[in-house]
Structures are given as structure tokens and as C-alpha cells.
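Residue 168 in our numbering is what sits at position 148 of the first sequence, and the numbering runs on without skipping anything.
Quick reminder that beta carbons are idealized off the backbone N, C-alpha and C, glycines included.
Every value quoted in this text rests on a predicted model; they were computed, and no experiment measured them.
What follows is one structure encoded as C-alpha cells, with my remarks underneath.
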Amino acid sequence: MIQLDKQYQPHDVEKRWIEYWDKHRLAHADETRDGETFSMAIPPPNITGSLHMGHAFNNTLQDIMARWQRMRGVNTLWQPGTDHAGIATQNVVERQLKAEGKSRQDLGREKFIERVWQWKKESGGNINHQLVQLGSSLDWERDRFTMDEGLSRAVREVFVSLYEEGLIYKGDYIINWCPRCHTALSDLEVEHQEKPGHLYHIKYPLKDGDGALIVATTRPETMLGDTAVAINPEDPRHKGKGGKTVILPLLKRELPIIEDSYVDAEFGTGALKVTPAHDPNDFEIGKRHQLPSINVMGPDARMNDEAGPYKGLDRFEARKAIVEDLKAQDLLVKIEDHTHKVGHCYRCHTVVEPYLSKQWFVKTQPLAKPAIEAVRSGKIKIVPKFWENTYFEWMENIRDWCISRQIWWGHQIPAWTCGTCNEFTVARETPPACQHCGSTELVQESDVLDTWFSSALWPFSTLGWPEQTESLKKFYPTSVLCTGFDILFFWVARMIMRGLKFMGDIPFHHVYIHALIRDAEGQKMSKTKGNVIDPLVMMDQYGTDALRFTLAAFAAQGRDIKLAEDRIDGYRNFCNKLWNASRFAFMNLEDYTGTCALETSKHQSLADHWILSRLNRTVADVHQALEAFRFNDAATALYKFIWNEFCDWYIELSKSRLNSQNSVEKYATQNVLVHVLEATLKLLHPFMPFITEEIWQKLPKDGTSIMTAPYPEFDPHKEDSEAETHLQWVMDIINAARNIRGEMNLKPSLKIPLRIKTDDSEKELIANTSAHYVIELARLEDLEVGPSVVKPKVSASSILSGAEVIVPLAGLMDFGEEKKRVEKELKKVEKEIIFLSKKLSNPSFVDKAPPEVIEKDRHKHKDLSEKQTKLQVHLNTIDQALA
RNA sequence: GGGCUGAUAGCUCAGUUGGGAGAGCAUCGGCCUUACAAGCCGAGGGUCACAGGUUCGAGCCCUGUUCAGCCCA
Numbered sequence: 021m022i023q024l025d026k027q028y029q030p031h032d033v034e035k036r037w038i039e040y041w042d043k044h045r046l047a048h049a050d051e052t053r054d055g056e057t058f059s060m061a062i063p064p065p066n067i068t069g070s071l072h073m074g075h076a077f078n079n080t081l082q083d084i085m086a087r088w089q090r091m092r093g094v095n096t097l098w099q100p101g102t103d104h105a106g107i108a109t110q111n112v113v114e115r116q117l118k119a120e121g122k123s124r125q126d127l128g129r130e131k132f133i134e135r136v137w138q139w140k141k142e143s144g145g146n147i148n149h150q151l152v153q154l155g156s157s158l159d160w161e162r163d164r165f166t167m168d169e170g171l172s173r174a175v176r177e178v179f180v181s182l183y184e185e186g187l188i189y190k191g192d193y194i195i196n197w198c199p200r201c202h203t204a205l206s207d208l209e210v211e212h213q214e215k216p217g218h219l220y221h222i223k224y225p226l227k228d229g230d231g232a233l234i235v236a237t238t239r240p241e242t243m244l245g246d247t248a249v250a251i252n253p254e255d256p257r258h259k260g261k262g263g264k265t266v267i268l269p270l271l272k273r274e275l276p277i278i279e280d281s282y283v284d285a286e287f288g289t290g291a292l293k294v295t296p297a298h299d300p301n302d303f304e305i306g307k308r309h310q311l312p313s314i315n316v317m318g319p320d321a322r323m324n325d326e327a328g329p330y331k332g333l334d335r336f337e338a339r340k341a342i343v344e345d346l347k348a349q350d351l352l353v354k355i356e357d358h359t360h361k362v363g364h365c366y367r368c369h370t371v372v373e374p375y376l377s378k379q380w381f382v383k384t385q386p387l388a389k390p391a392i393e394a395v396r397s398g399k400i401k402i403v404p405k406f407w408e409n410t411y412f413e414w415m416e417n418i419r420d421w422c423i424s425r426q427i428w429w430g431h432q433i434p435a436w437t438c439g440t441c442n443e444f445t446v447a448r449e450t451p452p453a454c455q456h457c458g459s460t461e462l463v464q465e466s467d468v469l470d471t472w473f474s475s476a477l478w479p480f481s482t483l484g485w486p487e488q489t490e491s492l493k494k495f496y497p498t499s500v501l502c503t504g505f506d507i508l509f510f511w512v513a514r515m516i517m518r519g520l521k522f523m524g525d526i527p528f529h530h531v532y533i534h535a536l537i538r539d540a541e542g543q544k545m546s547k548t549k550g551n552v553i554d555p556l557v558m559m560d561q562y563g564t565d566a567l568r569f570t571l572a573a574f575a576a577q578g579r580d581i582k583l584a585e586d587r588i589d590g591y592r593n594f595c596n597k598l599w600n601a602s603r604f605a606f607m608n609l610e611d612y613t614g615t616c617a618l619e620t621s622k623h624q625s626l627a628d629h630w631i632l633s634r635l636n637r638t639v640a641d642v643h644q645a646l647e648a649f650r651f652n653d654a655a656t657a658l659y660k661f662i663w664n665e666f667c668d669w670y671i672e673l674s675k676s677r678l679n680s681q682n683s684v685e686k687y688a689t690q691n692v693l694v695h696v697l698e699a700t701l702k703l704l705h706p707f708m709p710f711i712t713e714e715i716w717q718k719l720p721k722d723g724t725s726i727m728t729a730p731y732p733e734f735d736p737h738k739e740d741s742e743a744e745t746h747l748q749w750v751m752d753i754i755n756a757a758r759n760i761r762g763e764m765n766l767k768p769s770l771k772i773p774l775r776i777k778t779d780d781s782e783k784e785l786i787a788n789t790s791a792h793y794v795i796e797l798a799r800l801e802d803l804e805v806g807p808s809v810v811k812p813k814v815s816a817s818s819i820l821s822g823a824e825v826i827v828p829l830a831g832l833m834d835f836g837e838e839k840k841r842v843e844k845e846l847k848k849v850e851k852e853i854i855f856l857s858k859k860l861s862n863p864s865f866v867d868k869a870p871p872e873v874i875e876k877d878r879h880k881h882k883d884l885s886e887k888q889t890k891l892q893v894h895l896n897t898i899d900q901a902l903a
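As C-alpha cells, then:
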């Protein structure tokens with residue numbers, strides 16, 4: 021005999037099934053199996069990562085898809101793996117070294133990298149372990165890491181091919197430099213924040229003594245690297261000054277005044293200082309006018325030799341000193357408050373410096389074209405669709421990608437400089453000699469590649485590329501990529517470009533972009549703000565299934581999720597509800613000899629037919645929602661079915677049958693009960709894997725695990741609209757009686773009589789054959805139905821369509837209460853009748869609206885009018901009694 | 001400056017081809033009715049941001065405004 025605890029206790033349940041699933045290799049995808057496939061690669065979490073709510077959300081949605089497809093019988097691969105996260109990981113290990121009083125330079129490159137691998141071995145698996153706890157059905161036998169030998173080979177293959185095609189080059193350009201991480205960053209890796217600052221107006225005297233040009237700048241320290249002042253040729257204020265010379269304050273260098281239409285005459289004084297080595301726009305102007313570039317800072321953002329007297333100062337110290345000196349020399353006209361966007365390193369939040377430097381780049385436009393086309397043509401669908409605009413916007417204005425990083429942890433650039441001829445040799449494997457002159461004096465580039473260079477290959481590198489493996493053939497292109505919008509450019513766009521280039525095909529058919537999880541106030545969760553809700557804590561406190569269901573239920577498309585703990589609490593209660601419904605089932609299945617398979621039986625009740633029809637409808641709703649990535653709709657459909665239909669109605673309605681002495685009828689209902697419960701558990705399994713497995717295993721079923729049990733399918737023949745209509749009528753009666761009971765303050769323990777007066781013979785018949793339902797659920801003393809039912813003078817009544825539900829209340833009647841109740845109802849009905857009358861007497865409505873809409877409204881109007889009459893009659897009797 | 005998204009009950013939000021404004025939580029009243037008090041039954045509560053327009057009919061479509069958030073330059 022199976023008995024369940026009174027409350028669901030998730031802890032040991034979760035642990036048990038995780039081990040069981042693993043032992044039976046249920047998440048393993050078989051590349052040799054024929055038939056339909058579904059594949060999906062996890063957005064690889066950083067090895068430095070710990071599961072946060074964003075991961076929990078992202079992976080819950082993926083797991084729902086994976087489990088759903090697997091149960092549908094589709095050959096399903098959910099590819100796991102982690103990202104080496106160059107800068108982030110290097111920072112973590114450097115911090116550890118610092119605590120030991122060491123730097124990475126103290127260790128040297130080789131030893132440092134060893135140390136990172138060591139760290140990875142010890143802590144890099146945390147996030148994977150946490151994903152398992154979340155229930156993620158990833159195929160761990162295929163676990164990959166972006167620095168694996170295989171994936172590194174893919175990286176070298178791509179680098180060399182692109183280089184050979186001329187799509188990778190090295191050159192001097194303005195890049196974003198992080199003085200803390202000591203590396204270049206791509207444009208995307210810079211976060212711009214609005215910051216209060218100042219606009220300094222500085223006097224640049226003309227050499228000929230004829231006054232001065234006033235320039236405005238937010239970064240006065242960069243003036244040391246000025247090589248010109250620019251004006252707009254159309255600016256009347258500066259007419260004739262083009263070609264003259266000004267004297268750079270402090271350093272007294274002579275600068276030409278150049279004319280360039282880039283200069284915005286409306287901004288400031290219309291004169292722009294040009295610093296090609298420290299500003300991307302100035303760099304462009306410098307190129308146009310063949311200006312020299314003077315770099316005045318070192319890699320640590322301290323002023324260098326070019327800065328003259330300011331040499332050795334940090335950039336912000338230099339700013340202060342320069343402002344003071346300008347003031348002293350009366351060259352500072354004014355300082356205005358000015359808010360402007362300041363770029364920060366996305367890893368350490370240090371203010372980045374635009375910096376002239378020799379770096380490697382990927383020429384991106386030729387790769388972007390087909391990637392744009394893939395989305396425009398619909399080969400790749402981005403869901404929700406509005407993200408496509410953002411994608412196009414970025415892709416059409418894409419700039420070359422700076423891929424070299426001056427750090428040690430990552431894929432070292434496979435390019436070697438010849439000590440003899442100074443040329444590059446770029447090769448897949450370490451070359452024995454220079455391919456230009458044959459010299460063996462080769463030195464490999466010390467830089468490593470941007471982490472996103474390897475992530476961009478993820479959908480095919482994880483499947484074995486450049487080897488033509490069976491897995492690659494089977495599972496590429498993948499079906500869905502599920503991620504947040506924050507890495508749409510970083511990752512998604514680049515995967516599309518790489519997939520098309522190297523696989524000759526799109527990397528995935530759908531991109532599902534989900535929202536961001538925020539705190540209850542809508543703030544981004546962050547450790548510094550202290551508003552983080554830790555998924556692991558929530559899982560521990562409420563159960564993993566409760567957290568997962570909460571996330572799914574809030575996953576409405578295109579809207580951020582404000583998560584508060586009480587919402588998880590609510591879905592914990594839902595778990596418990598399901599648990600107790602199952603508990604009820606087990607209590608009533610003790611003598612049951614059948615299985616979960618539905619048996620055809622003449623002995624099924626109206627409630628049995630009804631719940632089977634409702635189940636079938638729910639199956640359709642869940643499939644439809646999941647196909648459209650509407651996770652919240654699927655979750656809501658399940659929630660409503662389980663709580664409001666199965667628990668609130670079906671269980672209550674079937675109690676009498678389950679206690680029946682008629683063993684044939686009892687068996688038929690037991691069969692429906694267990695069938696519906698099992699189907700429901702399967703439907704719910706992708707959302708709540710643990711509790712569903714726990715209950716399912718106790719049922720009389722076939723199979724190893726619910727994880728591989730067949731997902732219920734919609735069957736149009738199972739729709740039973742007659743049962744639904746009939747039971748709806750029964751529910752209407754019960755609701756009417758309950759309403760009267762509630763409004764008239766009749767205790768639930770008090771059994772009341774009920775009369776139903778109706779001329780509708782079908783309604784009469786159903787009410788009579790279903791009398792036992794009404795008697796039990798409305799807690800009746802007795803029930804009388806028919807056209808000739810006599811309505812006692814002292815009674816409460818409710819008017820339904822085609823029937824009046826009457827509760828005789830001799831001795832219990834509170835006429836005042838009943839009058840209030842009826843008047844309220846009457847008011848509502850009258851309001852609606854006026855609205856409908858107006859509508860129906862409007863000739864253009866009757867003329868132009870579709871006939872079925874008009875018919876519906878006419879019918880409603882008739883119904884309401886009858887109801888109004890009856891309510892009026894009832895009200896009159898009350899008034900008489902009160903008089 | 002360009003673009004995107006949102007504004008619906010006290011709170012958080014659903015509302016998919018335009019045709020009866022919904023859920024959860026919170027509130028109020030009544031219940032330990034033998035699966036569940038993490039529960040059951042009943043009730044109250046909204047000019048769908050504002051102003052126009054299209055339509056027989058608009059929360060939904062169009063235009064404008066205000067406010068909020070995000071992305072890019």
C-alpha cells in the first residue's frame with residue numbers, strides 16, 4: 021500500500037532522481053539513432069560562474085524544451101559545456117596570487133597558465149554541479165570546454181582560414197584599453213555609463229598673436245597629445261583661420277588649424293582639439309589630414325615621456341595638475357558641469373582609455389552580409405520578432421572586431437614573427453620554419469584571442485568540427501538557441517556568421533530570446549546592491565520544482581521578470597497541491613488492479629467523461645504553447661487544469677464513485693483517475709521533473725522513468741463537448757447554491773434543501789441524473805427538479821439561463837440580505853440589457869456585423885430579459901414579506 | 001541624436017487574426033466539509049496612461065503626447 025507524507029518534501033527526492041537519471045543515462049543523445057532530432061547547445065557558463073537567477077531561468081526554459089522533445093520520442097541532444105572566460109578567469113586567479121603577495125609576472129606565463137588549469141580542476145565544475153541540481157537534462161557524456169584540445173583546434177582552423185582569406189589583419193588602430201586588465205577590449209566589451217563631469221574651455225593662442233581659439237574638452241589630459249585644432253569650413257566665426265597655427269598650451273607645441281566638416285559648429289566654440297592617439301573620431305580626422313599621432317600614456321594609463329613635465333602621473337592626477345597650470349597661466353576660460361557617457365571595462369569596471377595600439381582584427385562586413393540575409397529570409401527566426409530589428413541595426417553598422425587580448429589565459433594567437441625577415445607565419449600547428457624565408461627564428465604572438473572568438477564556434481565545435489563526426493552530421497544545425505538579449509551581439513550574431521562561413525549552414529533554426537530577471541522593484545540584481553535572490557537558496561527552501569515552475573510561469577515574451585520570493589512560495593503550494601491530489605489518488609487505489617492505460621468502459625461517469633475531455637484540451641494547449649515558446653501559457657494551462665479542474669471539481673465529484681459499493685463503477689472511475697493523474701504528471705514533467713518522477717514511479721505504469729515516458733498527444737476524438745456542456749450546467753447549479761449560502765451566511769455544516777424550477781426537459785434530466793453531485797458539493801438536504809416545482813414564499817433564488825435555483829429558507833431567511841443580493845444582481849443585469857439593446861437597435865451594427873455575432877447578442881439579450889423578469893418577481897415577494 | 005520595449009484591479013502581470021476585461025498575491029466574510037489550513041467556500045475591487053482617428057464595434061489597428069526602462073551612436 022502506497023502512502024504519501026502529508027506534505028511534499030523535496031530534498032531527498034531531488035537527490036535520488038538525479039542519481040537515478042544519471043545512472044540510466046536518460047539524457048544521453050545517440051548520434052546513430054534514426055529519426056527526428058532536436059538539438060540545442062547550452063550558452064556555456066563561465067568556469068568562474070556560480071548559478072545565479074539568470075542561469076536558473078535560462079536553463080529551466082531549455083530543460084523544458086529538452087524534456088518535452090525527448091518525451092515526444094525525438095532524438096534529443098542538449099549539449100553541455102563551459103567557457104574559459106579569458107579576462108574573468110585570469111582576474112580570479114590573479115586575485116588569489118595577490119593574496120599570496122605574488123603577481124602573474126612573478127610566476128611567468130607557463131606557470132601561471134598551469135595555475136589556472138589547476139584552479140579550473142578544483143572550482144571550474146561548480147556551475148555544472150549546480151545545473152544538475154536544477155534538474156538540467158544535459159548530456160554530460162558530451163561535456164565540452166572552450167579550451168579543450170578539440171575546440172582549440174577549431175579555433176586555430178578558423179583563425180588561419182580567415183587570415184588566409186584576408187579577413188584577419190593586424191594594424192595600428194584606436195582601441196578600447198583597460199588600464200587595470202592591461203588589455204585591449206572590443207567595442208562591445210565597453211559599457212557606457214552616464215557620468216557627471218566637466219567641460220573645460222581652454223585657450224589655444226594663435227601663433228601670429230591675433231587672439232586665440234577656445235577649445236572645449238572633457239579630458240584635458242589628452243591635450244598633451246594634440247596634433248591639430250579643427251574647425252568647420254562653413255563656420256563664419258572662424259573664417260580665414262584655416263591653415264594658421266596655434267600654440268598648444270603648457271607644451272608650447274605648434275599645431276596647425278585644419279578644416280574638417282566633421283566638426284560640429286553648434287557644439288561648444290566650434291573648435292575641436294584633435295588627439296589622434298586618444299580618441300577614435302580624432303584618429304579618423306588625423307588619417308584624413310595625415311596628422312601625426314602622439315601617444316601620451318603607457319599601458320597603465322600613467323603619462324609617458326611625451327607628457328613632458330606630467331610624466332609619471334596617473335591620467336586623473338595629470339588632469340588635475342593640467343587644470344591648475346592652465347588656471348595659473350590664465351588659459352582656462354571656464355569649467356562647465358557636463359554629463360557625458362564614460363566607457364568602463366565590462367569585467368572590472370575601470371574607466372577605459374581610447375588608445376592607439378597594434379592589434380588583430382576580423383574584417384566583419386563580408387561575414388555579416390549572409391548573416392543578415394539568413395534572418396531576413398526567415399531561415400533563422402528570432403523570437404520575439406522585435407529583436408530582429410536590433411539585430412539588423414547592429415549587423416548593418418558592424419565594425420571590425422578587435423580580437424587580440426594582452427592576457428595569458430586563452431587561445432594564443434597562432435601567428436609567428438620571423439626574427440630574420442620580420443614576416444608573419446600563420447599556421448594551424450607550430451611551424452618549423454618561416455614560410456617566407458625559411459628561418460627558424462620564430463616567435464609566437466604573445467596575445468590571446470577574445471573569449472568570444474571561441475564561443476562563436478560553439479554550435480559546431482562542440483560536435484567535433486573540424487572533424488566530420490557523426491554527431492556533427494546528426495545534430496547540426498541545432499534546433500533552438502535560448503539566451504538572454506544581453507549577448508545577442510557578443511555571441512548570437514557571431515555564431516550565425518561563423519556557422520554560415522564554416523559549416524555552410526545556419527547554426528540554429530530558432531533563437532529564443534528571454535527576458536532579464538530583476539528584483540521585486542525592477543532593479544537589476546547585483547551583489548553590490550545586495551538584492552540578489554540566490555536560486556540555490558530558493559531551491560533549498562521551496563524545492564527546485566517550485567522555482568522552475570515560477571520561472572516558467574513568468575516567462576512571458578518580451579518583458580523583464582520582477583521576481584519576489586512570495587511568488588516562489590505560491591508555486592511551492594502548487595507542488596503541494598499536486599502532491600496531495602496524488603495522495604488522495606493513492607488512498608483510493610488500494611484495491612485497484614488495472615494500469616494507467618485508459619480502458620473503454622460503459623461505466624464511466626459524467627465527471628469521468630468531462631475530465632478526460634478537459635485533459636485532452638489541456639494537452640492541446642500545452643503543445644501549442646510550447647511550440648510557440650510561450651512557456652507561461654503552458655504553465656498556466658497546467659496550473660489551471662490541475663488546480664481548478666482536476667482538484668477543485670473532478671476529485672470532489674468522483675469521491676462518491678470511489679466510495680461506491682458498485683465495484684464496476686468504482687473500477688471505471690479508479691481507471692480514469694489514475695489515467696488522468698499519470699497523463700498530468702507527464703504533461704507537467706518538463707516543468708517539474710522531480711515531484712512528477714517521484715509520484716509517477718509509485719503508479720502502476722510501464723517504463724524506467726517518466727523522463728522517457730511518451731508525452732500525451734492531443735486526440736480530436738477525445739473531445740466530448742456534450743460532457744462539458746452537461747457538467748457545466750451541474751457546476752452552474754452548485755455555484756448558484758454556494759453563492760446563496762455564502763451571501764446569506766448559511767454555515768457550511770448546515771444542509772439546505774434546493775429546488776430547481778425549469779421548463780427545459782434536458783436540463784431537468786441532467787439535474788436529476790447528476791443530483792448526487794449537486795447534493796454532495798452544494799451540501800444539500802434534498803433536491804427537487806422540474807417545471808412544476810413550487811417556489812416557497814420564503815426563499816432565496818438565483819436565476820440561471822432557463823432555470824431558477826431556489827433555496828427555501830423558512831426560519832432562516834434574512835430578507836434584508838436577500839433583497840440586497842437580488843438588487844445587486846438586478847442592477848448588473850439591467851446595465852447589460854441597456855448596453856445590448858442599444859447595440860442591437862443600431863442599424864449599422866445589424867447591417868454590418870457578422871450574423872453570428874448579432875445572433876449571439878440577440879440570444880444573450882433574450883436570456884437577460886427573462887432573468888430580469890424573474891429577478892423582479894422574486895424581489896416583489898421579498899418586498900411583500902418585508903411589508 | 002537613432003532605435004526598441006512597456007504603461008490593464010492595491011501589488012506583480014496574462015490578454016496570439018478587433019466582437020463577453022482575466023489570473024496569482026493582497027483585502028473582506030465564513031469554514032479544521034475524512035487529499036491538502038502550504039487548504040476549502042463566498043465576496044468586493046479596473047474610464048485598460050492621455051488626446052485624437054479608423055471601424056457597426058478598439059485593451060488590441062493608426063497618429064500624436066506624457067511617463068518609465070533598455071540598446072546603439
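Three-state secondary structure (DSSP) at residue i?
| i | result |
| --- | --- |
| K12 | Limits of the chain in this structure are 21 at one end and 903 at the other, which puts residue 12 out of reach. |
| C502 | strand |
| S674 | helix |
| A432 | Ala is not the amino acid found at residue 432; the sequence shown has Gln there. Here Q432 sits in strand by DSSP. |
| Y496 | coil |
| W98 | strand |
| V814 | coil |
| H358 | strand |
| Y659 | helix |
| F528 | strand |
| M764 | coil |
| C438 | strand |
For residue i, count neighbouring C-beta atoms within 10 Å of its own C-beta (all shown protein chains included) and say buried if the count is 16 or more, exposed if not.
| i | result |
| --- | --- |
| T689 | buried |
| A348 | exposed |
| T889 | exposed |
| M515 | buried |
| R257 | exposed |
| E449 | exposed |
| T620 | exposed |
| S206 | buried |
| D246 | buried |
| M607 | exposed |
| F412 | exposed |
Am I right that residue i and residue j are in contact with their C-beta atoms under 8 angstroms? What's the rounded C-beta distance?
| i | j | result |
| --- | --- | --- |
| A447 | V180 | 6 angstroms |
| T80 | L154 | 7 angstroms |
| S424 | W380 | 4 angstroms |
| E34 | F710 | 5 angstroms |
| I222 | L311 | Not really, about 19 angstroms apart at Cβ, beyond 8 angstroms. |
What separation, rounded to the nearest whole angstrom, lies between the Cα atoms of residue i and residue j?
| i | j | result |
| --- | --- | --- |
| Y659 | I786 | 29 angstroms |
| K868 | K401 | 39 angstroms |
| S683 | I671 | 18 angstroms |
| C457 | Q464 | 16 angstroms |
What are the complete alpha helix (DSSP H) segments, minimum 4 residues, inside the segment 821–873?
-> DSSP runs (the alpha helix (DSSP H)) wholly in the segment 821–873: 835–860, 863–868.
Where are the beta strand (DSSP E) runs, 3 residues long or more, that stay fully inside the segment 184–258, in chain order?
-> 188–198, 203–205, 210–225, 232–237, 248–251
Minimum length 4: unbroken alpha helix (DSSP H) runs contained in the segment 356–436 = 385–396, 407–416
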